[in-house]
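Note that the sequence shown covers residues 2 to 480 in the numbering used here. Note that the Cβ used here is the ideal one computed from N, Cα and C, for glycine as well.
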Amino acid sequence: MKNQSILLASALTLFMISSSCKKNNTPDTPAPVPGTKAVTFSSSINGQIKTKALNDTWEANDQIGVFMKTGTGLSNVLASNKAYKTTGDGNFQPSAADQTIYFPEDGKAVDFIAYYPLQSTLNGTTYPVDINNQSNPAAIDLLYSNNANALSKTSANANLVFSHQLSKVEFTVKKGEGVTDLTGLSTTISGLNTKANFDLATGVLSSASQTADLSAKIGSKNSDVTAEAIVLPVADASVAQITFTLPGGKFKLSLPAGTKFEQGKKYTYQIELRNGAAGTPVALAISATITNWIEVPSGSYSVGQDKDDTTPPTGTEEVLFTETFGTGAATNKPKIGAYTGWSNPSFTFSDSYGTADLRTISAYPDNIHVWFPATKDASLKIEGVNMSGYQKLKLKYDLAPNANSGTSVSDFNVITVKVNGVQITVPSRPVSNADNNKFSTIELSDIPALSTNTIEFFGSASANTLGMRLDNVTIIGIK
Numbered sequence: 002m003k004n005q006s007i008l009l010a011s012a013l014t015l016f017m018i019s020s021s022c023k024k025n026n027t028p029d030t031p032a033p034v035p036g037t038k039a040v041t042f043s044s045s046i047n048g049q050i051k052t053k054a055l056n057d058t059w060e061a062n063d064q065i066g067v068f069m070k071t072g073t074g075l076s077n078v079l080a081s082n083k084a085y086k087t088t089g090d091g092n093f094q095p096s097a098a099d100q101t102i103y104f105p106e107d108g109k110a111v112d113f114i115a116y117y118p119l120q121s122t123l124n125g126t127t128y129p130v131d132i133n134n135q136s137n138p139a140a141i142d143l144l145y146s147n148n149a150n151a152l153s154k155t156s157a158n159a160n161l162v163f164s165h166q167l168s169k170v171e172f173t174v175k176k177g178e179g180v181t182d183l184t185g186l187s188t189t190i191s192g193l194n195t196k197a198n199f200d201l202a203t204g205v206l207s208s209a210s211q212t213a214d215l216s217a218k219i220g221s222k223n224s225d226v227t228a229e230a231i232v233l234p235v236a237d238a239s240v241a242q243i244t245f246t247l248p249g250g251k252f253k254l255s256l257p258a259g260t261k262f263e264q265g266k267k268y269t270y271q272i273e274l275r276n277g278a279a280g281t282p283v284a285l286a287i288s289a290t291i292t293n294w295i296e297v298p299s300g301s302y303s304v305g306q307d308k309d310d311t312t313p314p315t316g317t318e319e320v321l322f323t324e325t326f327g328t329g330a331a332t333n334k335p336k337i338g339a340y341t342g343w344s345n346p347s348f349t350f351s352d353s354y355g356t357a358d359l360r361t362i363s364a365y366p367d368n369i370h371v372w373f374p375a376t377k378d379a380s381l382k383i384e385g386v387n388m389s390g391y392q393k394l395k396l397k398y399d400l401a402p403n404a405n406s407g408t409s410v411s412d413f414n415v416i417t418v419k420v421n422g423v424q425i426t427v428p429s430r431p432v433s434n435a436d437n438n439k440f441s442t443i444e445l446s447d448i449p450a451l452s453t454n455t456i457e458f459f460g461s462a463s464a465n466t467l468g469m470r471l472d473n474v475t476i477i478g479i480k
């Protein structure tokens, strides 16, 4: 009894010490008490035992991060971001002795949250998602598990059921008329965000940012060439443009209106690259499909080679320009007239009032955007937008309010839009403190287009009382 009392007192002392040293709600694991039970983990993905995103198998030395906690989310963490690894069989053991998680000796029930791939350093509970480098898909395939709940030292083990948090796109590319060789094929996906934050406490992906070109990973399947990419889930993927490049030319594919990429789903496309009679490019949709990663067949397409004089088929949409305002830091906050990092340097950019600037903020440290200051007239005019051959345009752009107070209220339509001097109706979308610095996409359709166009965003001193951030201006042409 005396020995048991000493052990219990030691356990309580260690628990009190660890509780007093909490930082960012993610404290270190208390030192193990002799006789406590170490946690072991088995795993499955979307219910398929011992499978993973890459080739349906875990690989040797794959590592996951594990939290043991009680209560809601990660408000009361007992073990924080401990590294567990597998030999490839889907069973996980601590990567080192100091990474071992122990069930509470008092028999208290605990829950587990786990994710893959491991990030040894986290900012609180935020997992940074960055899909720019597609060369190793497993390194960016975010998996998440929060199913292992109400377990204790009497439990056999903790079975972690992981699910994919991003989306996957795969193109199977075939030779069509006029295309004899796919050697040297490269595939680029443009118009989509490439960075986001994933909250491990809630399992929510947010703050998508930084539109950039993604270079898909090229491979082979049977006798066909494949191009695959992991992308962020997006409600409207029709803004994306896929470019297939061969030494002899480029073939572009715009996804149909209504296309979306959903979390945990794989979209498979059958692509035929074709040059028609006399080299005339064609783009014929044949079919499409989708599955849960697992598989979502998404269609078959015949894609013609780009020509400088190509006229798009009637009624089709094509992403012509995307202005992301550049990447990196803009700590000196240059004014519109002084900035040189435009995505489309052939355009002319100006601000009639000299008050708007380019900047980054801590939430988006490498995502440059235009700042429309509060209670000041400010504008961004974009001139020289060439849309020859197109009758109408669709305009998409992202806005985020500086709603940093609990009483902050405004509306996205305080930033007005003119195209070629004509006021375009911006739909109402109220914003409040919950929207603070969170980008949302605004879409304006059915706008008459000229051969050369001017687009102007304006925030008035009287209406723009919070300040607004503008990013990712996308111009879509409609024949």
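inquiry  = Quick check: Ser433 and Asp412, are their CB atoms within less than 7 angstroms of each other?
reply    = no
ask   = DSSP three-state call for Asn414: helix, strand or coil?
value = helix
key: Euclidean distance between Cα positions of Ser221 and Thr173   = 8 angstroms
query = How would you write the range of the beta strand (DSSP E) that Lys222 sits in, first residue to last?
reply = 218–222
message = Can you confirm whether the stretch 145–162 touches the stretch 183–192 when touching is taken to mean that 3 or more C-beta pairs between the two stretches lie within less than 8 angstroms?
response = no
key: Ala236 in three-state terms, based on DSSP   = coil
ask   = On the three-state DSSP scale, how would you describe Gln100?
value = helix
task = Might you give, ordered along the chain, the residues of its own chain that have their beta carbon closer than 7 angstroms to the beta carbon of Leu467, omitting 5 neighbours on each side?
result = Ala375, Pro402, Asn403, Ala404, Ser409, Ser411
Same chain only: Cβ atoms within 6 angstroms of Tyr365, ignoring 5 sequence neighbours per side = Ser210
Cβ separation of Glu569 and Lys397, assumed to be a contact under 8 angstroms, to the nearest whole Å = Lying outside 2 to 480, the shown extent of the chain, residue 569 is not represented and no answer is given.
Neighbour-count burial assignment, Lys334, 16 or more Cβ in a 10 Å radius = exposed
query = Using the rule of at least 16 other Cβ atoms within 10 Å of the residue's Cβ for burial, across every protein chain shown, is Pro105 buried or exposed?
reply = buried
query = The beta strand (DSSP E) spanning Lys253 covers which residue range?
reply = 250–255
query = Among Ser121, Ala213, Val420, which residue has its Cα nearest to the Cα of Thr325?
reply = Ala213
query = Below 7 angstroms between beta carbons: does that hold for Ala115 and Leu161?
reply = yes
inquiry  = Suppose contacts are defined by Cβ-Cβ distances below 7 angstroms. Is Ile416 in contact with Phe458 by that definition?
reply    = yes
query = Name the DSSP bridge partner or partners of Leu467?
reply = Leu467 pairs with nothing; no bridge assigned.
query = Could you give the residue range of the beta strand (DSSP E) that holds Gln264?
reply = Where Gln264 is concerned, there is no enclosing beta strand (DSSP E), given that its DSSP letter is neither H nor E.
query = Which value, in whole angstroms, describes the spacing of the CA atoms of Ala238 and Asp378?
reply = 34 angstroms
inquiry  = Suppose you measure from the CA of Ile477 to the CA of Val111; what does that come to, to the nearest Å?
reply    = 51 angstroms
The beta strand (DSSP E) enclosing Gly66, as first and last residue numbers = 64–71
ask   = Terminal residues of the continuous beta strand (DSSP E) containing Phe93?
value = 93–95
ask   = At what residues does the beta strand (DSSP E) containing Gly192 begin and finish?
value = 187–200
task = Give the straight-line distance between the Cα atoms of Thr101 and Ile132, rounded to the nearest whole angstrom.
result = 30 angstroms
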